[in-house]
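> Before anything else, here's the structure in question.
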Amino acid sequence: RGESLPDVILYTSGTTAKPKGVMLEESQFDTNCTGFLEHLNFVPEDRVIVALPLFHSFGNIMALVLLRTGATLILLKQFQPKTILESIAQHKATILPLVPTIYSFLVQLYARGGYDVSSLRYCISGGASLPEALLKRVEEGLGVTVIEGYGLTETSPVIAVNTMKDGSVPGSVGPVLPNVELDIVDESGKPVKQGEVGEIRVRGETVMKGYWNKSDETAQTISADGWLRTGDLGHLDEKKRLFISAGRIKDLIIRAGENVSPLAIENALMSHPAISEVAAVGIADERVGEKVKVFAVLREGAQATEQELKELCRKKLPAFMTPDMFQFMESLPKTATGKILKSDLRNIK
Numbered sequence: 031r032g033e034s035l036p037d038v039i040l041y042t043s044g045t046t047a048k049p050k051g052v053m054l055e056e057s058q059f060d061t062n063c064t065g066f067l068e069h070l071n072f073v074p075e076d077r078v079i080v081a082l083p084l085f086h087s088f089g090n091i092m093a094l095v096l097l098r099t100g101a102t103l104i105l106l107k108q109f110q111p112k113t114i115l116e117s118i119a120q121h122k123a124t125i126l127p128l129v130p131t132i133y134s135f136l137v138q139l140y141a142r143g144g145y146d147v148s149s150l151r152y153c154i155s156g157g158a159s160l161p162e163a164l165l166k167r168v169e170e171g172l173g174v175t176v177i178e179g180y181g182l183t184e185t186s187p188v189i190a191v192n193t194m195k196d197g198s199v200p201g202s203v204g205p206v207l208p209n210v211e212l213d214i215v216d217e218s219g220k221p222v223k224q225g226e227v228g229e230i231r232v233r234g235e236t237v238m239k240g241y242w243n244k245s246d247e248t249a250q251t252i253s254a255d256g257w258l259r260t261g262d263l264g265h266l267d268e269k270k271r272l273f274i275s276a277g278r279i280k281d282l283i284i285r286a287g288e289n290v291s292p293l294a295i296e297n298a299l300m301s302h303p304a305i306s307e308v309a310a311v312g313i314a315d316e317r318v319g320e321k322v323k324v325f326a327v328l329r330e331g332a333q334a335t336e337q338e339l340k341e342l343c344r345k346k347l348p349a350f351m352t353p354d355m356f357q358f359m360e361s362l363p364k365t366a367t368g369k370i371l372k373s374d375l376r377n378i379k
């Protein structure tokens, strides 16, 4: 790659830090498209709703994949469930890629009736972890398979995605793409055993050149031998499928010396029929270091109490993961791409 200028600079979502410009080349997108198409089936007859902004890597790669296959790209101006459902019916869309938060509201709206989604072949979920309970709601509600993937802006972007053969595998984001090397390491950087949780590292042709005008942060993220630290915790199963086990390292809550996974809490709470959206964060506490606070959005017309939700967590999780407090919200703060802004939630009193 040398010192050549990047072909494109895409910015990260900025959910854990200030957005950074990621330097990428056209050849990296081309390689990523090739690998993506080996896992998923796109044909020229497909009509794909893209409500994702094209300045985001997820929307960007979907557009490029459709150009490669000659399929029809249906761009929407509004990132709204009602507009998406109306467009599926109007254009007889066959594939729908979205982020989990939008799927949650989409299924609620669809359940009221009046929308035809029978043309859909399958859905794709990416951009954030998809709780197993929400996966089930979407598949049962819309009557289609949801295929989950995982990636970063820094990796052009797709790292792994479930295949058409496997379909949806609860909790798994699938095997890695061709030309992507992945391992799981402990805090010292040593590979862990199969099934053990550690930080996900990636190496290969699709790894970014670096962050624009941020050489120090680039050096902290990419090692001298080309391994990119994702900052995400995961594990591999016996079939080499990747599971995002505990979310982002920066989001881990340290409570009385115990590592509390916000993702585990969120997955447990999403199994409650009244929950539409949920986010768990750590709040500074002098006695235990951090307390666990949950922000929850209830489905329209549904009810749930704090005690009821705590009891659910006690049944599904170790005792030390039970949240200390709940705050019910009308909505959660999000980025333009639909990711929940936990940094904003931590500042809410």
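Residue numbers 31 to 379, in the working numbering, belong to the letters of the sequence shown in order. The beta-carbon is built from N, C-alpha and C at its ideal position, and this holds for glycine as well.
With a threshold of 16 other CB atoms inside 10 Å of the CB of Asp262, please say whether the residue is buried or exposed.
In the sequence shown, the residue the question calls residue 262 occupies position 232. Buried, because 16 or more other Cβ atoms sit within 10 Å of the Cβ of Asp262.
> Of the choices His121, Ile154, Pro111 and Pro127, whose alpha-carbon is the least far from that of Gln138?
Mapped onto the sequence shown, residue 138 falls at position 108. Among His121, Ile154, Pro111 and Pro127, the Cα nearest to that of Gln138 belongs to Pro111.
> Apply the 10 Å Cβ neighbour rule to Val73 and answer buried if 16 or more other Cβ atoms are within range, or exposed otherwise.
In the sequence shown, the residue the question calls residue 73 occupies position 43. It counts as exposed.
> Assuming Thr28 contacts Val232 under a Cβ cut-off of 8 Å, what Cβ separation, rounded to an integer in Å, is found between them?
Within the shown structure, residues of the chain are numbered from 31 to 379, placing residue 28 beyond reach of any answer.
> Between the Cα of Ala304 and the Cα atoms of Asp196, Ala254 and Leu339, which residue gives the shortest distance?
Here residue 304 refers to the residue found at position 274 when the sequence shown is read from its first residue. It is Leu339 whose Cα lies nearest to the Cα of Ala304.
> Would you give the residue range spanned by the alpha helix (DSSP H) that Met92 belongs to?
Here residue 92 corresponds to residue number 62 of the sequence shown, with the count starting at 1. Looking at the DSSP string, the run of the alpha helix (DSSP H) that includes Met92 is Ser87 to Thr99.
> Within a Cβ cutoff of 8 Å, which residues of the same chain sit near Val176, ignoring the five residues on either side of it in sequence?
On the sequence shown, residue 176 is found 146 positions in, with the first residue counted as 1. So the qualifying residues of the chain are Tyr133, Tyr152, Cys153, Ile154, Ser155, Leu160, Leu165, Val168, Glu169 and Ser198.
> Using 8 Å as the Cβ pair cut-off and three pairs as the minimum, do the region 281–296 and the region 315–323 touch?
With a cut-off of 8 Å, the region 315–323 and the region 281–296 count as touching, because enough Cβ pairs lie within range.
> Taking the straight line between their C-alpha atoms, what separation do you get for Val95 and Leu70?
Position 65 of the sequence shown, counted from the first residue, corresponds to residue 95. Position 40 of the sequence shown, counted from the first residue, corresponds to residue 70. Straight-line Cα distance between these residues: approximately 10 Å.
> Per the contact definition of three or more C-beta pairs closer than 8 Å, is the region 232–247 in contact with the region 274–283?
No, because fewer than three Cβ pairs between the region 274–283 and the region 232–247 fall closer than 8 Å, the two stretches do not touch.
> Going by DSSP, what residues sit across from Glu307 in a beta bridge?
Against the sequence shown, residue 307 aligns to sequence position 277. According to DSSP, which records beta bridges pairwise, Glu307 is partnered with Val327.
> Just the Cα atoms here: how many angstroms apart are Asn90 and Gln357?
Here residue 90 corresponds to residue number 60 of the sequence shown, with the count starting at 1. Here residue 357 corresponds to residue number 327 of the sequence shown, with the count starting at 1. If you take the alpha carbons of Asn90 and Gln357, they lie about 35 Å apart.
> Figure out for me which residue from Phe109, Leu97 and Thr131 has the closest Cα to the Cα of Ala309.
As a working mapping, residue 309 is identified with position 279 in the sequence shown. Ranking Phe109, Leu97 and Thr131 by Cα distance to Ala309 puts Thr131 first.
> For the beta strand (DSSP E) containing Met194, list its first residue and its last residue.
Numbered from 1 along the sequence shown, position 164 holds the residue referred to as residue 194. Run containing Met194: none; DSSP gives neither H nor E here.
> Inspect the CB distances between the region 257–274 and the region 116–129 and report whether three or more fall short of 8 Å.
No: the two stretches stay apart, fewer than three of their Cβ pairs being nearer than 8 Å.
> Measure from the alpha carbon of Val311 to the alpha carbon of each residue in Thr113, Gly256, Thr352 and Glu226, then state which is nearest.
To locate residue 311, count along the sequence shown from 1; it is residue 281. Checking every option, the nearest Cα to that of Val311 belongs to Thr352.
> Across which residues does DSSP place Pro127 in a beta bridge pair?
Translated into the one-based positions of the sequence shown, residue 127 becomes position 97. According to DSSP, Pro127 bridges with Ile154.
> Check whether the Cβ atoms of Leu272 and Leu266 sit closer than 7 Å, and answer yes or no.
As a position in the sequence shown, residue 272 is number 242, starting the count at 1. As a position in the sequence shown, residue 266 is number 236, starting the count at 1. Closer than 7 Å, so yes.
> Mark Lys270 as exposed unless 16 or more other C-beta atoms lie within 10 angstroms of its C-beta, in which case mark it buried.
Taking the first residue of the sequence shown as position 1, residue 270 is located at position 240. Exposed, because fewer than 16 other Cβ atoms sit within 10 Å of the Cβ of Lys270.
> Are the CB atoms of Gly179 and Val203 nearer to each other than 7 Å?
Here residue 179 refers to the residue found at position 149 of the sequence shown. Here residue 203 refers to the residue found at position 173 of the sequence shown. The answer is yes: Cβ separation under 7 Å.
> Leaving aside the five residues before and after Phe109 along the sequence, list all residues of the same chain whose C-beta is less than 6 Å from its C-beta, in chain order.
Taking the sequence shown and counting its residues from 1, the one referred to as residue 109 is at position 79. Answer for Phe109: Ala81, listed in chain order.
> Can you list, in chain order, the residues of its chain with a C-beta nearer than 7 Å to that of Leu84? Leave out the 5 residues immediately preceding and following it.
Working through the sequence shown from its first residue, we reach residue 84 at position 54. Closer than 7 Å at Cβ, skipping near neighbours: Asn90 and Ala93.
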